[in-house]
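First up is the structure itself, then whatever we jot down about it.
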Amino acid sequence: MIVPFEHVLALAGILFALGLVCVMVWRMNLIMLLIGIEIMLNAAMLAFVGGAARWGMADGQVFSLVIMAMTSAEVSLALAMVVYLHRRKKTVEADEFRELKG
Numbered sequence: 139m140i141v142p143f144e145h146v147l148a149l150a151g152i153l154f155a156l157g158l159v160c161v162m163v164w165r166m167n168l169i170m171l172l173i174g175i176e177i178m179l180n181a182a183m184l185a186f187v188g189g190a191a192r193w194g195m196a197d198g199q200v201f202s203l204v205i206m207a208m209t210s211a212e213v214s215l216a217l218a219m220v221v222y223l224h225r226r227k228k229t230v231e232a233d234e235f236r237e238l239k240g
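Numbering (the working numbering), first residue to last: 139 to 240.
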């Protein structure tokens, strides 16, 4: 492995922390909430791929492909909800979803 495993884990930790800060600071704005979740999932994928390269097994790379598939489904559904909320309420604030309950 060219890059030391500790550096990969440090970068993944920093990315995860930045995503968590994004979620905590902008939890009212749905678009920023989605961006923060995506950053955290990308940090997890980086850690899985780094671990797979460190131990010479493909398990982490396969699991990162599963995470990519899950995030693409999550993004498509979440953006559909954001578009629906914006058309109906003219806002993207997260509290407006509470009023959409039956």
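Glycine included, C-beta positions come from ideal geometry on N, C-alpha and C.
A contact between stretches requires three or more CB pairs, one per stretch, nearer than 8 Å, and the segment 150-160 meets this requirement with the segment 179-195. Scanning the segment 197-234 for uninterrupted alpha helix (DSSP H) segments of 4 residues or longer gives 197-227, listed from N- to C-terminal end. In this structure, the straight-line span from the alpha carbon of A196 to that of A232 is close to 38 Å.
Just measuring C-alpha positions, the residue of V220, H224, L203 sitting nearest F186 is L203. Here N167 is bridged, per DSSP, to E231. In this model, L158 and Y222 are separated by some 26 Å (Cα to Cα).
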